[in-house]
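Each number in the working numbering comes from the position in the sequence shown (counting from 1) with 18 added on.
What follows is a short report on a single structure.
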Amino acid sequence: MAEAGPLVVRLLMDTGVGEIFDFKSACCLRVFDVNLEVLVENRGETPLTVGPHFDIEHEGGVRRLTALVPGGTNRIGPGEVKSFYYSLDEGFLRGVRSLTVYDDTGRSYKAGAAFGAGLQKTGPGQRKER
Numbered sequence: 019m020a021e022a023g024p025l026v027v028r029l030l031m032d033t034g035v036g037e038i039f040d041f042k043s044a045c046c047l048r049v050f051d052v053n054l055e056v057l058v059e060n061r062g063e064t065p066l067t068v069g070p071h072f073d074i075e076h077e078g079g080v081r082r083l084t085a086l087v088p089g090g091t092n093r094i095g096p097g098e099v100k101s102f103y104y105s106l107d108e109g110f111l112r113g114v115r116s117l118t119v120y121d122d123t124g125r126s127y128k129a130g131a132a133f134g135a136g137l138q139k140t141g142p143g144q145r146k147e148r
């Protein structure tokens, strides 16, 4: 984590969430090629708001992720976990070093110091962290 605080950030790859969105929203929302899930858990005692963007550190620099699903700012209450989804090229993922989430108080939370090596790719519906 960038700072000690109430938010815990976890990263998951290839969770099959694109198929779930496609099933639940046959006529409305379309999410293609989603392969990155970011779980943000509030272990604190007060609600916090995160978004509307996250930063992903890659061996080539920092890239801002702005087209997250759900978009905008999102309130996370005490004890709640909120999921965010994004699509990245698998080749790009291999060079990722970390992902940073920001809350509305100005604090930042970092996940995955060795992100490319810290996750194991699995099939839809299976989540494995090393």
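Ideal placement from N, C-alpha and C gives every residue a C-beta, glycine not left out.
Note that the coordinates shown come from a computational prediction; the quantities given were computed from them, not determined experimentally.
Roughly how many angstroms lie between the CA atoms of residue i and residue j, to the nearest whole one?
i      : j      : result
Gly113 : Leu106 : 11 angstroms
Leu63  : Pro96  : The displayed chain sequence assigns Glu, not Leu, to residue 63. Each residue's Cα considered, the two are about 5 angstroms apart.
His71  : Val56  : 12 angstroms
Gly23  : Glu108 : 30 angstroms
Leu30  : Leu111 : 11 angstroms
Gly134 : Leu117 : With a pLDDT of only 43 at Gly134, under 50, the local geometry of the prediction cannot be trusted, and the value read off the model is given with reservation. The straight-line gap from Cα to Cα measures roughly 11 angstroms.
Glu75  : Arg82  : 9 angstroms
Val80  : Arg125 : 18 angstroms
So, for residue i: in the same chain, excluding its five sequence neighbours on each side, which residues have a beta-carbon less than 6 angstroms away from its beta-carbon?
i     : result
Leu86 : Phe102, Tyr104
Glu77 : Gly113
Any idea what DSSP makes of residue i, helix, strand or coil?
i     : result
Thr64 : coil
Pro24 : coil
Val58 : strand
Gly78 : coil
In its own chain, which residues sit with a C-beta less than 8 angstroms from the C-beta of residue i, not counting the 5 before and 5 after it?
i     : result
Gly89 : Gly69, Pro70
Thr91 : Thr67, Val68, Gly69, Pro70, Asp122
Pro65 : Arg93, Ile94, Gly95, Pro96
Leu54 : Leu29, Leu30, Met31, Tyr103, Tyr104, Ser105, Leu106, Leu111
Which same chain residues end up closer than 7 angstroms to residue i when comparing Cβ atoms and leaving out the 5 residues on each side of it in sequence?
i     : result
Arg61 : Pro24, Val26
- Tell me the start and end of each unbroken beta strand (DSSP E) in the stretch 80-137 that is at least 3 residues and wholly inside, in chain order. 92-94, 99-104, 114-121, 126-129
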